[in-house]
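K.L.:
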Amino acid sequence: MFEKLRNGLKGIVNRISNSGFTEKDLEPLLWDLQIQLIGNDVSVEVAERVCAEMKERLVGTDAPRFGDKTNVARTALMESIEVVMNGSNKVDFLEKISQSKKEGEPFSIMFVGINGRGKTTTIAKVTHKLQKSGYSVVLASGDTYRAGAIEQLEEHGRRLGVRVIKHKYGSDAAAVGYDAVEHARAQGIDVVLIDTAGRMQTNRNLMDELQKMKRVVDPSFTIMILDSLIGNDATDQAMTFNNHIGFDAVILTKVDADARGGSSLSVSYLTGKPVLFVGVGQEYDDLETFDAQWFAEKLLAD
1 MFEKLRNGLK GIVNRISNSG FTEKDLEPLL WDLQIQLIGN DVSVEVAERV
51 CAEMKERLVG TDAPRFGDKT NVARTALMES IEVVMNGSNK VDFLEKISQS
101 KKEGEPFSIM FVGINGRGKT TTIAKVTHKL QKSGYSVVLA SGDTYRAGAI
151 EQLEEHGRRL GVRVIKHKYG SDAAAVGYDA VEHARAQGID VVLIDTAGRM
201 QTNRNLMDEL QKMKRVVDPS FTIMILDSLI GNDATDQAMT FNNHIGFDAV
251 ILTKVDADAR GGSSLSVSYL TGKPVLFVGV GQEYDDLETF DAQWFAEKLL
301 AD
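In terms of the working numbering, the sequence shown opens at residue 1 and continues consecutively.
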């Protein structure tokens with residue numbers, strides 16, 4: 001994953017390590033770094049911030065005059081990326097669920113996003129992760145529009161051994177979510193995961209409907225599902241959904257096939273919302289916890 005961006009950054013690090021660390025020496029190299037980042041789906045604003053952080057760390061650094069400066073340059077870039085990504089609000093996902101359980105209330109999570117980005121499969125992966133952490137789960141089939149959506153979620157429920165709360169196609173999605181939360185409350189189930197119909201962020205009517213669902217269900221947490229392969233469109237989607245619906249965190253799908261990786265950096269910085277997990281395959285276990293250090297190491301590991 002991130003091969004194109006990783007190779008580009010390694011080239012920049014090598015060039016910086018063969019350069020002086022004066023502002024004049026670094027200026028053309030940092031410009032090339034900015035172009036490299038933008039070419040790999042990092043937004044202009046984020047690319048500029050990374051370069052500013054690099055400049056602050058390197059200019060005037062007491063580096064060996066004739067020795068290898070590669071580690072100095074690599075460390076500066078890793079720290080710059082981490083600082084930019086750590087600007088978002090951190091969320092201890094499992095701690096929130098644990099606290100809700102102590103209070104005797106089910107923790108409800110609504111998943112939102114556009115069509116075809118792996119939302120239902122991601123819900124199944126999150127279910128599996130929660131089960132491994134010892135939590136009971138019920139699923140809510142809130143996508144009452146797409147043909148086969150209910151059956152798809154039911155199949156995941158069957159494989160994972162969890163119940164799926166559903167209504168018929170065309171019914172009120174908000175009612176499905178509400179009923180699932182009430183079922184969890186009555187049965188002492190820890191977590192409710194609520195699927196929703198995918199919708200384009202440009203469709204105002206569907207976005208209004210999703211707003212209504214969130215208002216009725218009043219979920220404990222809302223997660224935006226984004227496809228890392230769509231590049232800057234992922235950032236645009238996240239900004240629009242955050243403005244209209246609001247969400248607490250992001251899960252990026254298809255990261256294992258993403259050669260660029262820039263959306264991971266941009267989405268977190270521009271929305272102020274953390275990336276919780278990344279999907280790295282089709283199996284239920286293929287959901288990795290995401291953090292800034294993990295991302296920086298993937299990009300700049302030897």
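Glycine included, each C-beta is placed from N, C-alpha and C at the ideal position. Computed from a predicted model, the values in this text were never measured in an experiment.
Determine the DSSP secondary structure at residue 251, reduced to helix, strand or coil.
P.N.:
Residue 251 falls in the strand class under three-state DSSP.
K.L.:
If you run the structure through DSSP and keep just helix, strand and coil, what is residue 112?
P.N.:
Strand at residue 112.
K.L.:
Which of helix, strand or coil does DSSP assign to residue 194?
P.N.:
If DSSP states are grouped into helix, strand and coil, residue 194 belongs with the strands.
K.L.:
Around the Cβ of residue 125, are there at least 16 other Cβ atoms within 10 angstroms (buried) or fewer (exposed)?
P.N.:
Under this definition residue 125 is a buried residue.
K.L.:
Between residue 274 and residue 189, how many whole angstroms is the CB-CB distance? I'm expecting something under 8 angstroms.
P.N.:
Going by Cβ atoms, the distance from residue 274 to residue 189 rounds to 26 angstroms, so no, they are not a contact pair.
K.L.:
Using CA atoms only, rank isn't needed, just tell me which of 241, 40, 278, 25 is closest to residue 7.
P.N.:
Out of 241, 40, 278, 25, 40 has the C-alpha closest to the C-alpha of residue 7.
K.L.:
Grouping DSSP H, G and I as helix and E and B as strand, with all else coil, what is residue 162?
P.N.:
Residue 162 falls in the coil class under three-state DSSP.
K.L.:
Residue 219: buried (16+ other C-beta within 10 angstroms of its C-beta) or exposed?
P.N.:
Its Cβ being crowded by 16 or more others within 10 Å, residue 219 is buried.
K.L.:
From residue 254 to residue 113, what does the alpha carbon distance come to, in whole angstroms?
P.N.:
Their backbone Cα atoms lie some 14 angstroms apart in a straight line.
K.L.:
Run the CB neighbour count on residue 228, radius 10 Å, all protein chains shown included, and call it buried at 16 or more, exposed below.
P.N.:
Residue 228 should be labelled buried.
K.L.:
With distance defined between alpha-carbon atoms, name the residue in 4, 37, 61, 94 nearest to residue 25.
P.N.:
Of the listed residues, the one whose Cα sits closest to residue 25 is 61.
K.L.:
For residue 145 and residue 98, I'd like the C-alpha separation in whole angstroms.
P.N.:
Using only the alpha carbons, I get a separation of about 33 angstroms.
K.L.:
To the nearest angstrom, report how far apart residue 157 and residue 27 are at their CA atoms.
P.N.:
Their backbone Cα atoms lie some 55 angstroms apart in a straight line.
K.L.:
Within the same chain, show all residues whose beta-carbon is closer than 7 angstroms to that of residue 246, passing over the 5 residues directly before and after it, in chain order.
P.N.:
Excluding positions up to five away in sequence, the list reads 222.
K.L.:
What would DSSP say about residue 221, mapped onto helix, strand or coil?
P.N.:
Here residue 221 sits in strand by DSSP.
K.L.:
Using a threshold of 8 angstroms, state whether the C-beta atoms of residue 153 and residue 120 are closer than that.
P.N.:
Contact: yes.
K.L.:
For the candidate residues 242, 236, 224, whose alpha-carbon lies nearest to that of residue 251?
P.N.:
Selected option, being the one with the closest Cα: 224.
K.L.:
Where DSSP assigns a beta bridge to residue 275, which residues make up the other side?
P.N.:
Residue 275 pairs with 250.
K.L.:
Starting from residue 288, follow its DSSP beta bridges and name the residues at the other end.
P.N.:
Per DSSP, 278.
K.L.:
Between the stretch 2-21 and the stretch 51-60, can you find at least three pairs of beta-carbon atoms closer than 8 angstroms?
P.N.:
The stretch 51-60, when compared against the stretch 2-21, does touch it at the 8 angstroms Cβ threshold.
K.L.:
Excluding the 5 residues preceding and the 5 following residue 49 in the sequence, name in chain order all residues of the same chain whose CB lies nearer than 8 angstroms to its CB.
P.N.:
Closer than 8 angstroms at the Cβ level, and outside the excluded window around residue 49, lie 84, 269.
K.L.:
Helix or strand or just coil, what does DSSP make of residue 173?
P.N.:
The answer is helix: DSSP assigns residue 173 an H, G or I state.
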